[in-house]
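Read through the structure below, which is laid out as structure tokens, and then see the notes.
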Ligand code: DAH
């Protein structure tokens, strides 16, 4: 039967030329489907004589087996080609930058960053962090700190007062972090070594002043604490904070009611157009106030000035943040504008440590 051989050639040709799985399926249906050419041949077997069937049966069944096997082999080949094509088109470029997760995309405010930096530096020198409330009594904010009632030094602070309580006393928004010195001395026994970062309030607003701002206070009380210790601590702090090998500092006499003697401290810097650099140059910049804790303050806090003494300092966090990170205006610090925060903020997973580096 030449037509069987011819049909085989045709069908195997069609199988090998099928371009995709759909074309191959069409060939299968045309050959082996209900009305397919091979199925039609198989049907002729029933009408044949036994001798004819003996001669043609193996040929027709052989054709069916060959075509079935060829289709299966082609299907395999097409399947792996399709998989290869898909793998090629769906490949991922692992060198592309990854989008940040929400935890990484947030930004730490420069004030929080600087407080973390201060804490790392002073913790390394053995200081603990103390805190107190923003709403303070007149007694802790002024009187116990040796600002007598009616003393003109009270007017140096543009204080926000609350309406008088039932007892006629007015609470206030603390004008400095110094009242936490009082709270600490009233509750802890010397030796005391604390820093006190926190919010402070004065009625003032311009490019470098906002009604709410931040200070960090330092307090050391012990038997023999003296100005030499204070000077060393402040120098080590400035070097670590501004990340320079050496700084020159200048201690000028000044006045604060709660310290005697009192000093203001300038650090050496170089002013270059709009930039300020520390650890070099011939200019000076005032950065903090300090002094030996006044004996009246020690007494007001239940300590005996004949057996303990100490020193304290206070500085503006916002100001040193502006200086260190080159931010010219203080007001946007508190405007909650995410564009500003994206620009000046810090990555939350880069936590400042002395060993790993303070600033990123
Ligand atoms: N409390 C002062 C202020 O706000 C700063 C200050 C000066 C704090 C001297 C101190 C200090 O502890 O010793 O102006």
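In my numbering, the protein residues as written are 4 to 363. Where a beta carbon is used, it is the ideal one built from N, C-alpha and C, also for glycine.
**Prompt:** Three-state secondary structure (DSSP) at residue 250?
**Reply:** For the purposes of this step, residue 250 is taken as residue 247 along the chain shown, with counting starting at 1. Residue state, collapsed to three classes: coil.
**Counted within 10 angstroms of its Cβ, other Cβ atoms place residue 4 as buried (16 or more) or exposed** = Working through the chain shown from its first residue, we reach residue 4 at position 1. Summary for residue 4: the model assigns pLDDT 49, below 50, so the residue's position carries little reliability, and this model does not support an answer.
**Request:** Would you check if the stretch 311 to 321 and the stretch 218 to 228 touch, i.e. whether three or more CB-CB distances between them fall below 8 Å?
**Result:** Verdict: yes, contact present.
**Request:** Mind checking which residues open and close the alpha helix (DSSP H) that includes residue 26?
**Result:** If you number the chain shown from 1, residue 26 lands on position 23. Where residue 26 is concerned, the enclosing alpha helix (DSSP H) stretches over 24 to 35.
**Asked** Counting only runs that start and end within the stretch 197 to 246, where is the beta strand (DSSP E) found for 3 or more residues in a row?
**Response** 215 to 225, all fully within the stretch 197 to 246.
**Prompt:** Thinking just about the alpha-carbon of each residue, which of 87, 246, 296 is nearest to the one in residue 364?
**Reply:** Outside the modelled stretch of the chain, which goes from 4 to 363, sits residue 364, for which no answer is possible.
**Prompt:** Under the rule that 16 or more other beta-carbon atoms within 10 Å means buried, what is residue 316, buried or exposed?
**Reply:** Taking the first residue of the chain shown as position 1, residue 316 is located at position 313. Using a 10 angstroms sphere on the CB of residue 316, the tally of other CB atoms reaches 16 or more, which defines it as buried.
**Same chain only: Cβ atoms within 6 Å of residue 274, ignoring 5 sequence neighbours per side** = As a position in the chain shown, residue 274 is number 271, starting the count at 1. Apart from the 5 residues on each side of it in sequence, residue 274 sits with its Cβ closer than 6 Å to the Cβ of 286 in its chain, given in chain order.
**Asked** Which of the three DSSP states, helix, strand or coil, is assigned to residue 256?
**Response** Your numbering for residue 256 matches position 253 in the chain shown. Looking at residue 256 - three-state DSSP - the assignment turns out to be strand.
**Message:** Can you tell me whether residue 138 is buried or exposed? The criterion is at least 16 other CB atoms within 10 Å of its CB, across all chains shown.
**Reply:** As a working mapping, residue 138 is identified with position 135 in the chain shown. Counting Cβ neighbours within 10 Å, residue 138 comes out exposed, since fewer than 16 surround it.
**Message:** Quick check: what's the CA-CA separation for residue 327 versus residue 193?
**Reply:** Against the chain shown, residue 327 aligns to sequence position 324. Against the chain shown, residue 193 aligns to sequence position 190. Roughly 34 Å between the two C-alpha positions.
**Message:** By the DSSP assignment, the beta strand (DSSP E) with residue 315 in it spans what residues?
**Reply:** Taking the first residue of the chain shown as 1, we reach residue 315 at position 312. For residue 315, the enclosing beta strand (DSSP E) has its first and last residue at 312 to 319.
**Request:** Pull up the distance between the alpha-carbon of residue 160 and that of residue 344, whole angstroms please.
**Result:** Walking along the chain shown from the start, residue 160 turns up at place 157. Walking along the chain shown from the start, residue 344 turns up at place 341. The straight-line gap separating the alpha-carbon atoms of residue 160 and residue 344 is approximately 30 Å.
**Item:** Status (buried if at least 16 other CB within 10 Å, exposed otherwise) for residue 201
**Value:** Counting from 1 along the chain shown, the entry for residue 201 is found at position 198. That one is buried.
**Request:** Rounded to whole angstroms, what's the CA-CA distance from residue 13 to residue 61? Just pull it up for me.
**Result:** For the purposes of this step, residue 13 is identified with residue 10 of the chain shown, where counting begins at 1. For the purposes of this step, residue 61 is identified with residue 58 of the chain shown, where counting begins at 1. In this structure, the straight-line span from the alpha carbon of residue 13 to that of residue 61 is close to 19 Å.
**Item:** Sequence-distant residues of its chain with Cβ nearer than 6 Å to residue 349 (five each side left out)
**Value:** The residue given as residue 349 occupies position 346 in the chain shown. Counting only Cβ-Cβ distances below 6 Å, and skipping sequence neighbours, we find 111, 116.
**Message:** Classify residue 213: buried if its beta carbon has 16 or more other beta carbons within 10 angstroms, exposed otherwise.
**Reply:** Residue numbering aside, residue 213 sits at position 210 when the chain shown is read from its first letter. The residue is buried, with at least 16 neighbouring Cβ atoms inside 10 Å.
**Message:** Given a cut-off of 7 Å on the beta-carbon distance, is the pair residue 63 and residue 35 in contact?
**Reply:** Stepping through the chain shown from its first residue, residue 63 is reached at position 60. Stepping through the chain shown from its first residue, residue 35 is reached at position 32. No, Cβ-Cβ distance for residue 63 and residue 35 is not below 7 Å.
**Request:** Would you check if the stretch 66 to 85 and the stretch 17 to 25 touch, i.e. whether three or more CB-CB distances between them fall below 8 Å?
**Result:** Between the stretch 17 to 25 and the stretch 66 to 85 there are three or more inter-stretch CB-CB distances shorter than 8 Å, so the stretches are counted as touching.
**Message:** Quick check on residue 209 - is its C-beta less than 7 Å from some C-beta in chain D?
**Reply:** Reference to chain D is not applicable here, since this structure consists of a single protein chain.
**Request:** Indicate the three-state DSSP secondary structure (helix, strand or coil) for residue 13 in the structure shown.
**Result:** Residue 13 sits at position 10 when you count from the first residue of the chain shown. Looking at residue 13 - three-state DSSP - the assignment turns out to be helix.
**Request:** Determine the DSSP secondary structure at residue 175, reduced to helix, strand or coil.
**Result:** As a first step, residue 175 must be located in the chain shown, where it is residue number 172. If DSSP states are grouped into helix, strand and coil, residue 175 belongs with the strands.
**Request:** Determine, using beta-carbon pairs with one atom in the stretch 299 to 309 and one in the stretch 182 to 189, whether at least three such pairs fall under 8 Å.
**Result:** Three or more Cβ pairs drawn from the stretch 299 to 309 and the stretch 182 to 189 lie within less than 8 Å of each other, which places the two stretches in contact.
**Prompt:** Where does residue 324 land, buried or exposed, given buried means 16+ other C-beta within 10 angstroms?
**Reply:** Mapped onto the chain shown, residue 324 falls at position 321. Only buried fits residue 324, as 16 or more other CB atoms lie within 10 angstroms of its CB.
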